[in-house]
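Participant:
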Amino acid sequence: MEALGHLLQGFAAALTPGYLLYAFAGCMLGTLIGVLPGLGPAAGTAILIPLTFSLDATGAIIMLCAIYYGAMYGGTITSVLINVPGEAASVVTCIDGHQMAKQGRAGSALGIAAIGSFVGGTLATVALVAVAMPLASLALKFGPAEFFALMVAGLCLVVGLAGNNMLAALLMTVIGLLFAMIGVDPVRGAPRFTFGIEELYDGVGFVPVVMGLFGVAELLLAAEKRQTHMVEAELKSWMPTGAECRQSVGAIGRGTVVGFVLGLIPGVGAIVPTFMAYVLEKRVSKTPERFGKGAIEGVASAETANNAYANASMVPLLALGIPSSPTIAVLMGAFIVNGITPGPFLFKEQPQLVWTVIASFFVGNALLLILNLPLVGLWAKLLKIPFSYMCAGVLIFCVIGAYGLKQSLFDVWVMLGFGIVGYLLRKLDFPIAPAILALILGPMMERSLRTTLEISGGSFAIFLDRPVALGLLAVPVIVIAFLLFKPRSLAPLRESDIE
Amino acid sequence: MRQGRLVATGAMLAFCLFALWQSLLLSLTDRLGPGPGFFPFWLALIGIVLSLALLVSIWREPLPATDASIEEVSILPHGWGAMRCFAILGLLAAVTIAMEFVGFRLAMLVFNAALVIALGERRWWIIAVFAVLGSFGVYYLFTTWLDVLLPTGQFGI
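Residue numbers (this note's numbering), protein chains in the order written: chain A, 1 to 499; chain B, 1001 to 1157.
This is the structure:
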């Protein structure tokens, strides 16, 4: 009941014209970014951070969250119309969505995707309201040892579940943590690894790093291939028929559950829930042979799971302060840039802010539905924007974003350097997500560990005396051991599983 | 690809070794507990072990086939793709240097025009409109509406 009261207050604030405008602008810009192939939600959220510099903290977070789930939906449009996923999570939507477009049913596919995204996102936010506050209350009982263990567990789950190359992911985590050590020591105040460079005293800026690793690196990859896109499908209507809606009801329900549950686990990534929801739908279907040939349930299940995951992944961020994916890490960086530290104290110290942001998720999901059904044709036209203009436009935002926060040209050089590094790492198949998460969690991890050791007089045995910390530290050990020695029958989901 | 992964892992090993050396210059412990060098020291040590393990793992990977294409062997861009990548990086470096002297608007005006030309645009009037909007227009939007300070250069432009 307490949560409901806070939520109603949150709605009162989120529905004020200013915050509604930010949510609307975020949904529009997010969808635009999602539509443009090559720019995923992480890059989109990162490059649009400068637009929020002048906003108050609540407005900035509302806008960036709206950009995030707008981008998650935007990827669907390219998946259906031109068989190119705007972001990784939309890969599954291509399978049946593009087949539907070829059959002249693109409008139905996009319509059911919008409806499924709305239902999945809204129900996941309802569950977030129910889960987040009790979880945050529990986390308030944590000491520094438990917080350190929680961050280690979160990072290791991201590493363990990120992909096959676990050794490289672990190394990238350590590299990210080492970069986080640059700047003034958070406990004693001594400068570290600064080499007399004044700009490094505040540490390596998170915004220039993510703009380089995501924005510049993705543009370089796109420039190398130079993809040109032409809209092939014709949009006759943007509403699914009554029969198609009835066919999709079960798929939307199951997709919501799959997306929400997997969204709570750090490191799962947006693509896994969509794959799992699709595979589940194919298994329960009485006509599985229709899948891959334009089955609307395939689109509904994947898109619902995608948005339910996006909203559920806010639970670990808001309640525990643990980002579960690179995009959520970018959002966490935006929280910190605005002077807010996500985690259990947020519910206690800034309830107005956190509940306004949660209420804005409901508003944003409704706005996305209202916007996306009638505007599908407009989004499809955006696919005709030439790469040269898209590239220049994105780079303008990257330069402003890197410079604008501290008015430092040094940060623009940092962005450029990390852009080259990000491009090379992508080509060499080194995972970037663990390094991003480590960069953002590094200072907090160090502070928690050092405070713990100061309490114990330097003895690591304190972790043995605290069962919650010990249990949390056991999680990554078990997960990594399981992944190293798992039976072949439990190999991760691959594209072949859904064909 | 294999060679590139070896070089990248070697670079990470060198970075971890450098971090280890630098952390040893800081105090690892003091009378209150762990010092500023404590956390980076252990991280660098773990990083060294992981880099070595990864180097061994990559070393044991099979060599690429002799008839493999250049895309499979090299990670660096080539042909027109390389030209486009170098154009983006070169222009980005140039605009960063130029902004300090001539300010955001003039630097971006030239950057936008040069970049779209380098990426294949040839219609001069579209280039001109885009360059003006992407420099003077964006400057006005960010400084007037969004209160973001952008460099004005030595001439105050």
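We put the beta carbon where it would ideally sit given N, CA and C, even for glycine.
None of the values given here were measured: they were computed from a predicted structure.
Output yes or no for whether 7 Å exceeds the beta carbon distance between residue 1057(B) and residue 1013(B).
Facilitator: Residue mapping note: residue 1057(B) aligns to position 57 of the second sequence, counting from 1. Residue mapping note: residue 1013(B) aligns to position 13 of the second sequence, counting from 1. No. Outside cutoff.
Participant: Identify the contact partners of residue 42(A) in chain B, using a Cβ-Cβ distance below 9 Å as the criterion.
Facilitator: Counted from its first residue, the first sequence places residue 42(A) at position 42. Correct list: empty, because the minimum Cβ distance to chain B is about 20 Å.
Participant: Starting from the beta carbon of residue 188(A), find every residue of chain B whose beta carbon is closer than 9 Å, and list them in chain order.
Facilitator: Walking along the first sequence from the start, residue 188(A) turns up at place 188. Simply 1027, 1030, 1032, 1035, 1036.
Participant: Quick one: using the 10 Å Cβ neighbour count with 16 as the cut-off for buried, is residue 99(A) buried or exposed?
Facilitator: Here residue 99(A) corresponds to residue number 99 of the first sequence, with the count starting at 1. Classification for residue 99(A): buried.
Participant: Let me make sure I understand the geometry here. Which of 1105(B), 1008(B), 1078(B), 1063(B) has the alpha-carbon closest to that of residue 171(A)?
Facilitator: Counting from 1 along the first sequence, the entry for residue 171(A) is found at position 171. Nearest option by C-alpha distance: 1008(B).
Participant: So if DSSP puts residue 1029(B) in a beta bridge, which residue, or which two residues, is it bridged to?
Facilitator: Mapped onto the second sequence, residue 1029(B) falls at position 29. BP columns for residue 1029(B) point to 1034(B).
Participant: Assuming residue 276(A) is part of the alpha helix (DSSP H), what are its boundary residues?
Facilitator: On the first sequence, position 276 is the one that residue 276(A) refers to. Following the DSSP letters along the chain, one finds residue 276(A) inside the alpha helix (DSSP H) bounded by residues 271–284.
Participant: Taking the runs of the alpha helix (DSSP H) that are 4 residues or longer, which of them lie wholly in the segment 179–229 of chain A?
Facilitator: 206–210, 217–225
Participant: Report the neighbours of residue 1095(B) on chain A: residues whose CB is nearer than 8 Å to its CB, in chain order.
Facilitator: Position 95 of the second sequence, counted from the first residue, corresponds to residue 1095(B). Those are 399, listed as they occur along chain A.
Participant: Of all the CB atoms in chain A, is at least one closer than 7 Å to the CB of residue 1012(B)?
Facilitator: Locating residue 1012(B) in the second sequence gives position 12, where the first residue counts as 1. Closer than 7 Å to some Cβ of chain A, the Cβ of residue 1012(B) qualifies, so yes.
Participant: For a contact meaning CB atoms closer than 9 Å, what does residue 1106(B) contact in chain A?
Facilitator: Here residue 1106(B) is taken as the residue at index 106 of the second sequence, counted from 1. Residues of chain A passing the Cβ test: none, with the nearest at roughly 14 Å.
Participant: Could you check what DSSP says for residue 489(A) in three-state terms: helix, strand or coil?
Facilitator: The residue given as residue 489(A) occupies position 489 in the first sequence. In this predicted model, residue 489(A) has a pLDDT of only 49, less than 50, meaning its place in the structure is not dependable; the value taken from the coordinates is given anyway. Residue state, collapsed to three classes: helix.
Participant: Go to residue 421(A), then tell me how far its alpha helix (DSSP H) extends in each direction, as first and last residue.
Facilitator: Along the first sequence, read from residue 1 onward, the residue named residue 421(A) stands at position 421. Segment 409–427, the alpha helix (DSSP H) holding residue 421(A).
Participant: Do we get a CB-CB distance below 7 Å when we pair residue 1054(B) with the residues of chain A?
Facilitator: Residue numbering aside, residue 1054(B) sits at position 54 when the second sequence is read from its first letter. With 7 Å as the cut-off, residue 1054(B) counts as an interface residue toward chain A.
Participant: Given residue 297(A), which residues of its chain have a CB within under 7 Å of its CB, disregarding the five upstream and five downstream residues?
Facilitator: Mapped onto the first sequence, residue 297(A) falls at position 297. Closer than 7 Å at the Cβ level, and outside the excluded window around residue 297(A), lie 247, 248, 251, 281, 285.
Participant: Quick one: using the 10 Å Cβ neighbour count with 16 as the cut-off for buried, is residue 137(A) buried or exposed?
Facilitator: Along the first sequence, read from residue 1 onward, the residue named residue 137(A) stands at position 137. Exposed: under 16 other Cβ atoms inside 10 Å.
Participant: Could you have a look at residue 1078(B) and say whether DSSP puts it in helix, strand or coil?
Facilitator: Start at 1 with the first residue of the second sequence, and residue 1078(B) comes out as number 78. Coil.
Participant: Among the candidates 443(A), 216(A), 48(A), whose CA atom is the shortest distance from the CA of residue 176(A)?
Facilitator: Within the first sequence, numbered from 1, the residue matching residue 176(A) stands at position 176. Just measuring C-alpha positions, the residue of 443(A), 216(A), 48(A) sitting nearest residue 176(A) is 443(A).
Participant: From the DSSP output, in three-state form, read off residue 1009(B) for me.
Facilitator: Stepping through the second sequence from its first residue, residue 1009(B) is reached at position 9. Correct three-state label for residue 1009(B): helix.
Participant: In chain A, which residues lie less than 7 Å from residue 1120(B) when you measure between Cβ atoms?
Facilitator: The residue given as residue 1120(B) occupies position 120 in the second sequence. Within chain A, the residues near residue 1120(B) are 388.
Participant: Give, in chain order, every unbroken run of the beta strand (DSSP E) that is at least 3 residues long and sits entirely within the segment 234–267 of chain A.
Facilitator: none
Participant: Look at the alpha carbon of residue 466(A) and the alpha carbon of residue 350(A), and state the distance between them as a whole number of angstroms.
Facilitator: Taking the first residue of the first sequence as position 1, residue 466(A) is located at position 466. Taking the first residue of the first sequence as position 1, residue 350(A) is located at position 350. One C-alpha to the other measures close to 29 Å.
Participant: When you compare the CB positions of residue 3(A) and residue 360(A), do they come within less than 7 Å of one another, or not?
Facilitator: Here residue 3(A) corresponds to residue number 3 of the first sequence, with the count starting at 1. Here residue 360(A) corresponds to residue number 360 of the first sequence, with the count starting at 1. Against a cut-off of 7 Å, the Cβ pair of residue 360(A) and residue 3(A) comes out as no contact.
Participant: Please list the residues of the segment 172–185 of chain A that have a C-beta atom closer than 8 Å to any C-beta atom in chain B, keeping them in chain order.
Facilitator: Contact residues of the segment 172–185 of chain A toward chain B are 174, 175, 177, 178, 181, 185 (C-beta to C-beta distance below 8 Å).
Participant: Please say whether residue 153(A) and residue 569(A) have beta carbons closer to each other than 7 Å?
Facilitator: Nothing in the structure corresponds to residue 569(A), since chain A is present only between 1 and 499.
Participant: By the 7 Å beta-carbon criterion, what residues does the segment 186–213 of chain A contribute toward chain B?
Facilitator: Those would be 188, 190, 192, 193, in chain order.
Participant: Got a sec, what are the start and stop residues for the alpha helix (DSSP H) residue 83(A) sits in?
Facilitator: In the first sequence, counting from the first residue as 1, residue 83(A) sits at position 83. Note, residue 83(A): premise wrong, no alpha helix (DSSP H); not H, not E.
Participant: Go through its chain and collect everything with a Cβ distance to residue 1034(B)'s Cβ below 8 Å, but skip five positions before and after it.
Facilitator: Stepping through the second sequence from its first residue, residue 1034(B) is reached at position 34. Excluding residues within five positions, the ones whose Cβ falls inside 8 Å are 1028.
Participant: Just mark residue 229(A) as buried or exposed, buried being the case when its beta carbon has 16 or more other beta carbons within 10 Å.
Facilitator: Residue 229(A) sits at position 229 when you count from the first residue of the first sequence. Here the model assigns residue 229(A) a pLDDT of 49, short of 50, so the residue's position is not dependable, and the following value carries that caveat. Classification for residue 229(A): buried.
Participant: Please compile the residues from chain B whose C-beta is within a distance smaller than 8 Å of the C-beta of residue 446(A).
Facilitator: Residue numbering aside, residue 446(A) sits at position 446 when the first sequence is read from its first letter. 1039, listed in chain order.
Participant: Along chain B, in chain order, which residues have C-beta atoms closer than 9 Å to that of residue 458(A)?
Facilitator: Position 458 of the first sequence, counting from 1, holds the residue named residue 458(A). Chain B residues near residue 458(A): 1029, 1033, 1034.
Participant: Using a Cβ-Cβ cut-off of 7 Å, state whether residue 1074(B) counts as contacting chain A.
Facilitator: Start at 1 with the first residue of the second sequence, and residue 1074(B) comes out as number 74. Under the Cβ distance rule, residue 1074(B) does not count among the residues neighbouring chain A, no pair being separated by less than 7 Å.
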